[in-house]
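Q: First the structure, then my questions, so here it is.
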Ligand SMILES: *Cc1c(COP(=O)(O)O)cnc(C)c1O
């Protein structure tokens, strides 16, 4: 069986975790700050806040930007549900901007149209969450220009995209956004088992996210409320937060994986290039790449051209899985999920997203995929499409 994604763990990764297990601190020790520093410096961002998932990172990023009741957050429909759920956690509303048919990322043109309309109706979003789908960066310069014109904040959901680059600079530098979020789930580019991180260049946002990550508790005397000296202890709760902390065990795996990040992305590119060539005469659309971007290739999505194939999407999907090629669908438009339909969203809400949804299939890509396995994936697809 060949999955669509798989972690790559070596002996150095295992040793790093074992070292923590044999140390004094399993959590709240020195490894989390070391991992944060490694990611921040790799990306060129000033601050990094490690948490127990990207979902938690998105939640505290929204809260740090002041998202609450009465606010609206916009994202793309072609993403994992967490990119939208984070707004609902804060009591805000969510809306979706259709995708660009070539990059599959949020369409800047559709965003601009929707902003013009929202401005007239007084319903502008507080935050927009673009997602670097498959690891391909969004058009951040244009999003940044619109954010100034319409006064919204930007959280980059870069869960797919650590190790990728935009205009030859690492994704995560937050040049064109307020906060960038990474995921370290095992299917992503590097892993901590479960884990995430929020990066920012804004000291205040970093401080708020650190508080929110750990119950709203501070250990900094300068942040504490004034009290008589005999009532000042080693910590104070000054807000309402969560336990979203990452453990040192997880961070040790992440820190060790950071050393291998570039190698992982290079491997993914080699696999993608090989697929590009293999599929050049087959009725499928391979991923288009914007010249400004260097994708981390978290996913390799092909689009089936059903005008030229005598099968349905379901038949292709099921047959591939039966043959041991564990393809996946990234993603069902978020608003088509029953929970979102109950809020009033209807099928057909975003036309390009729906077309994409009816054709897109993620085929295996991960650093450990061998040429033999890749050939098998390709041959199985060709056999199916022809047969
Ligand atoms: C994986 C993923 C998330 C959530 O990541 P977790 O670390 O599993 O919480 C959020 N957004 C996108 C786009 C993802 O792919």
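Residue numbers (my numbering): 8 to 394.
Glycine included, each C-beta is placed from N, C-alpha and C at the ideal position.
What are the start and end residues of the beta strand (DSSP E) that includes residue 161?
A: Segment 160-164, the beta strand (DSSP E) holding residue 161.
Q: With respect to the alpha helix (DSSP H) encompassing residue 321, which residues constitute its N-terminal and C-terminal limits?
A: 320-329
Q: Could you give the C-beta distance for residue 244 and residue 231, rounded to a whole number, given that I count them as a contact under 8 angstroms?
A: Wrong, their Cβ atoms sit about 10 angstroms apart, outside the cutoff.
Q: What residues in its chain sit with their C-beta under 6 angstroms from that of residue 160, if we drop five residues either side in the sequence?
A: Residues 72, 134, 185 of the same chain have their beta carbon placed closer than 6 angstroms to that of residue 160, with the five preceding and five following residues left out of the count.
Q: Is the shortest distance between the beta-carbon of residue 158 and the beta-carbons of chain C less than 8 angstroms?
A: Protein chain content of the structure displayed is limited to a single chain, and chain C is not contained in it.
Q: For a test of your reading of the model: does the CB of residue 203 fall under 7 angstroms from any non-hydrogen atom of ligand 3? Yes or no.
A: With respect to ligand 3, the structure shown offers nothing to examine, as its ligands consist of ligand 1.
Q: Just verifying my parser: in three-state terms, what is the DSSP assignment at residue 375?
A: Secondary structure at residue 375: coil, using DSSP grouped into helix, strand and coil.
Q: Under DSSP, the alpha helix (DSSP H) around residue 211 begins and ends at which residues?
A: 210-220
Q: Kindly confirm or deny that the region 258-273 and the region 16-27 touch, where touching means at least three C-beta pairs closer than 8 angstroms.
A: yes
Q: Using a threshold of 7 angstroms, is the CB atom of residue 42 nearer than that to any non-hydrogen atom of ligand 1?
A: No, since every heavy atom of ligand 1 falls outside the 7 angstroms radius drawn around the Cβ of residue 42.
Q: Between residue 167 and residue 141, which are expected to be in contact by the criterion C-beta below 8 angstroms, what is the C-beta distance as a whole number of angstroms?
A: 6 angstroms
Q: Would you kindly check if the distance between the Cβ of residue 132 and the Cβ of residue 150 is under 8 angstroms?
A: no
Q: Go through the region 283-353 residue by residue and report every complete run of the alpha helix (DSSP H) that reaches 4 residues or more, in order.
A: 320-329, 345-348
Q: Say yes only if the C-beta of residue 61 is nearer than 7 angstroms to one or more non-hydrogen atoms of ligand 1, and no if none qualify.
A: yes
Q: Kindly examine ligand 1 and report whether one of its heavy atoms sits closer than 7 angstroms to the Cβ of residue 302.
A: no
Q: I need the DSSP call for residue 199, collapsed to helix, strand or coil.
A: coil
Q: At 4 residues or longer, what runs of the alpha helix (DSSP H) sit wholly inside the region 38-99?
A: 38-50, 61-71, 89-96
Q: Please return the same chain residues whose Cβ sits closer than 6 angstroms to the Cβ of residue 292, not counting the five positions on each side in sequence.
A: 310
Q: Should residue 236 be labelled buried (16 or more other beta-carbon atoms within 10 Å of its own) or exposed?
A: In the assembly as shown, residue 236 is an exposed residue. Its beta-carbon has fewer than 16 other beta-carbons within 10 Å.
Q: Going by other Cβ atoms of all chains shown within 10 Å of its Cβ, with 16 needed for buried, is residue 278 buried or exposed?
A: buried
Q: Whole-angstrom Cβ separation of residue 101 and residue 89, contact assumed at under 8 angstroms?
A: With a Cβ gap of about 12 angstroms, residue 101 and residue 89 do not count as contacting.
Q: Using only the heavy atoms of ligand 1, determine whether one of them is closer than 7 angstroms to the beta carbon of residue 166.
A: yes
Q: Under the three-state reduction of DSSP, which class applies to residue 176: helix, strand or coil?
A: strand
Q: Taking its Cβ as the centre, do 16 or more other Cβ atoms sit within 10 Å of residue 195, making it buried, or is it exposed?
A: The residue is buried, with at least 16 neighbouring Cβ atoms inside 10 Å.
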